[in-house]
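Residue numbers (this note's numbering): 274 to 522. No residue lacks a Cβ here, since even glycine has one placed at the ideal position from N, Cα and C.
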Ligand code: IPE
Ligand code: IPE
Ligand code: MG
């Protein structure tokens with residue numbers, strides 16, 4: 274039976290923040306005898322579908338893993354195509370995000386990105402910063418270990434300069450130095466394409482997230498497959514260390 278956006282929206286137990294590891298673009302193309310790059314353009318089309326589906330279902334934060342720091346090690350023509358897809362998509366879509374009251378945030382090492390893409394994305398972040406319907410977080414040149422190390426360096430610099438007392442370093446202070454500062458932890462992490470790994474994604478932030486692994490390749494993970502994952506989440510019991518009796522009391 275078709276799951277409607279409204280059905281999820283009305284659900285009190287829906288996730289506030291969904292983080293997705295979109296995987297399987299290359300295999301999607303290979304299955305069709307197409308170049309991998311065609312899989313990436315199909316993947317972009319699907320990002321748009323899932324962003325819309327999320328906003329319509331009342332999801333407040335959606336984080337998409339679009340390109341990892343490790344992905345720079347792919348063949349240079351593939352990396353080049355992904356970077357130009359990034360620029361052209363950002364150029365085309367940012368105004369629409371803004372019209373739809375969606376706020377854009379980039380996490381990852383923006384300094385690694387080509388100047389053109391970085392400029393478009395930073396302008397997009399500025400343009401949309403006060404939008405309130407949903408926050409779309411895009412992880413680009415992202416590595417969770419790298420993010421953690423950059424935070425540690427920043428805090429160590431503050432301690433050296435006597436701006437921070439090491440004894441005062443707590444979870445809140447540490448989180449304020451991560452790229453995701455101000456964004457609540459993901460409730461649900463979805464990975465497509467039948468792979469069961471986290472690939473350096475939101476390691477700190479997903480400490481207590483629920484995980485959902487979908488067999489579909491990313492370009493085939495449509496609204497219905499996504500809503501199925503969201504409904505599955507609503508049936509889980511998050512205990513955060515407590516007993517079932519305690520959390521259901
Ligand atoms: C995900 O699809 C997109 C990126 C990592 C940029 P892949 O390109 O990893 O697709 P597979 O895993 O090779 O099928
Ligand atoms: C993870 O996908 C990174 C992104 C989705 C951007 P990969 O396909 O690069 O992951 P691994 O390296 O196979 O784990
Ligand atoms: Mg992959």
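- In this structure, the C-beta of residue 298 approaches ligand 1 to less than 7 Å from one of its heavy atoms.
- Taking a 10 Å sphere around the C-beta of residue 420, we find 16 or more other C-beta atoms and assign the residue as buried.
- At least one heavy atom of ligand 1 lies closer than 7 Å to the C-beta of residue 295.
- Distances from the CA of residue 361 to each of 347, 390, 352 and 382 were compared; the closest alpha carbon is that of 390.
- Rounded to the nearest whole angstrom, the CA to CA distance from residue 454 to residue 378 is 11 Å.
- Between residue 513 and residue 385, the alpha-carbon positions lie close to 36 Å from each other.
- In the structure shown, residue 311 adopts helical secondary structure according to DSSP, grouped into three states.
- Taken atom to atom, the span from the alpha-carbon of residue 443 to that of residue 481 is near 18 Å.
- Distance from the CA atom of residue 411 to the CA atom of residue 319, rounded to whole angstroms, is 14 Å.
- If you check the CB distance, residue 328 and residue 375 come in under 8 Å.
- Using a Cβ distance threshold of 8 Å, residue 451 and residue 477 count as a contacting pair.
- The three-state reading of DSSP puts residue 401 in helix, counting H, G and I together.
- Counting along the chain, residue 485 sits inside the beta strand (DSSP E) bounded by residues 483-486.
- DSSP assignment within the region 368-424 yields the following whole alpha helix (DSSP H) runs of 4 residues or more, N-terminal first: 388-401.
- In the DSSP annotation of this structure, residue 330 is not part of any alpha helix (DSSP H), being labelled neither H nor E.
- By the 16-neighbour rule on beta-carbons within 10 angstroms, residue 520 is exposed.
- Non-local C-beta neighbours of residue 363 in its own chain, meaning closer than 7 Å and more than five positions away in sequence, comprise 390, 393, 394 and 397, ordered along the chain.
- Judged by DSSP in its simplified three-state form, residue 447 adopts helix.
- Across the set 479, 433, 309 and 324, the C-alpha of 479 shows the shortest separation from the C-alpha of residue 448.
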